[in-house]
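Protein chains: 2
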Amino acid sequence: MGNSAHPLPGAPGRVLGIDPGTQLTGFGCISVHGSEIRLVDAGVLRFNSRQSIATRLVELERDLDELVTTLRPDVACVEALFAHYAHPRTAVTMGHARGVILLVLRRAGIPTIEVPATHAKKALTGNGHADKSQMQRAIQWQLGLNAIPEPPDVADALAIAMAGMRHPEASEALSLR
Amino acid sequence: MGNSAHPLPGAPGRVLGIDPGTQLTGFGCISVHGSEIRLVDAGVLRFNSRQSIATRLVELERDLDELVTTLRPDVACVEALFAHYAHPRTAVTMGHARGVILLVLRRAGIPTIEVPATHAKKALTGNGHADKSQMQRAIQWQLGLNAIPEPPDVADALAIAMAGMRHPEASEALSLR
């Protein structure tokens, strides 16, 4: 990855944000080059809720492996665990997906930052408790998108990437490319 | 796997019990042949708590893959999610390990039964709230072991296997070998 062909020093780095879930896992990949941030790809990995959790986890592993191979992120950012849970059972189920996500990223040697949801919300909107539609509009504006990112899980994943890229470990990984 | 060399009809089936954790995952494998139940192997997978959860999950995947290849269980039994959690954060972290365990077992094509801890306790001691030492002594007696299984996670994993093997899905998987 030489940088001679690029007008700015250094090649753009890629940050992959992930919002884990066992029904829907949002992902969003941005390229970062100085202050220039562009959308590379974003979407959701959907899992059939009629299938067993084990089967969904196998699909999640396969889909995320593919995504990482295709997008080649330099850094990954994953939504951090909450400190408090209104719905412990849902949180534990989410923990299953998160475990597989951390496994795949670690195996692929991708440095991974854990980003609290409130941190991502605050970084994007100034409000740590912004609602879904505020987050979607903030992401649309910041990345200059033609449409609101849908479903909200996509905006959340992109917000996690945009907040996480400011983390010292992420900056370091991006500068070490 | 013919059965002609064996005195009882059918070859013994193997049931692997797992008690998931990110610091310590207990495992216990029993062979079941009619009413004859024997210990095949049991122990714990230990993870260095100073390492990142991602690194521990990669080790868990590798160790469990090895275990499954060596022990070749016909059925696996994993401690079920609790309905209520006193320590949600610990439970969510445990969910990470459990996600990787379900992934590895599903990939290996091993039918997996989820066994509630209270069910395992009740099946072994008649008391769904038996303490660790009661469980250890019950396992020692039922499997005719010379020593108390240590640490308690080993006894828990064996109890999960012994309760899970009575499940209709487990019986079916054992009879279909």
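Chains A and B supply the protein sequences, listed in that same order.
Heads up, the first sequence is in my numbering, so the first residue is 468 and it goes up one at a time.
Heads up, the second sequence is in my numbering, so the first residue is 468 and it goes up one at a time.
From the three backbone atoms N, C-alpha and C, an ideal C-beta is built for every residue, glycine too.
Owing to the predicted nature of the structure, the values given are computational and were not obtained by experimental measurement.
6 Å Cβ shell around residue i - same chain, five flanking residues per side excluded
i         : result
Ile615(B) : Gln603 and Gln607
Lys588(B) : Gly595 and Ala597
His586(A) : Ala630
Distance between beta carbons of residue j and residue i, contact taken as under 8 Å
i         : j         : result
Val621(B) : Val559(A) : Going by Cβ atoms, the distance from Val621(B) to Val559(A) rounds to 24 Å, so no, they are not a contact pair.
Val545(B) : Ile485(B) : 5 Å
Ala597(B) : Gly495(B) : Ala597(B) to Gly495(B), Cβ: 16 Å. No contact.
Gly493(A) : Val511(A) : 5 Å
Val525(B) : Val567(A) : That pair is no contact at about 11 Å.
Alpha-carbon to alpha-carbon, residue j and residue i
i         : j         : result
Ile627(B) : Ala564(B) : 17 Å
Pro555(B) : Ser519(A) : 23 Å
Met561(B) : Ala521(A) : 15 Å
Ile497(B) : Arg517(A) : 32 Å
Thr537(B) : Phe514(A) : 32 Å
Gly595(B) : Leu491(B) : 23 Å
Leu591(A) : Leu527(A) : 28 Å
Ala584(A) : Gln609(A) : 18 Å
His634(A) : Val482(A) : 12 Å
Arg523(B) : Thr489(B) : 7 Å
Ser502(A) : Leu612(A) : 17 Å
Gly469(A) : Ser642(A) : At Gly469(A) the pLDDT is 41, less than 50, meaning the model places this residue with poor confidence; the figure from the coordinates comes in the next sentence. Distance between the alpha carbons of Gly469(A) and Ser642(A) is about 13 Å.
His500(A) : Thr557(A) : 37 Å
Ile504(B) : Ala547(A) : 44 Å
Asp530(B) : Ser638(B) : 27 Å
Pro619(B) : Gly480(A) : 48 Å
Ala630(A) : Ser600(B) : 48 Å
Ile577(B) : Pro540(B) : 7 Å
Ala509(B) : Pro487(B) : 14 Å
Glu636(A) : Ala605(A) : 25 Å
Gly593(B) : Met632(B) : 17 Å
Ala640(A) : Ala640(B) : 48 Å
Ala575(B) : Ala575(A) : 21 Å
Beta-carbon proximity list for residue i, same chain, < 8 Å, skipping 5 on both sides
i         : result
Thr579(A) : Val542, Ala543, Cys544, Val545, Leu569, Leu572 and Arg573
Glu617(B) : Gln603
Ala472(A) : Any reading at Ala472(A) needs caution, since the residue's pLDDT is 39, under 50, leaving its predicted position unreliable; the model's value is listed next. Here the set comprises nothing.
Proximal residues to residue i (C-beta, below 7 Å), its chain only, five neighbours per side dropped
i         : result
Glu581(A) : Val545 and Ala547
Asp532(B) : Val571
Complete runs of the alpha helix (DSSP H) confined to the segment 517 to 567 of chain B [at least 4 residues]: 520 to 538
Every unbroken beta strand (DSSP E) inside the segment 560 to 616 of chain B [3 residues or more]: 579 to 582
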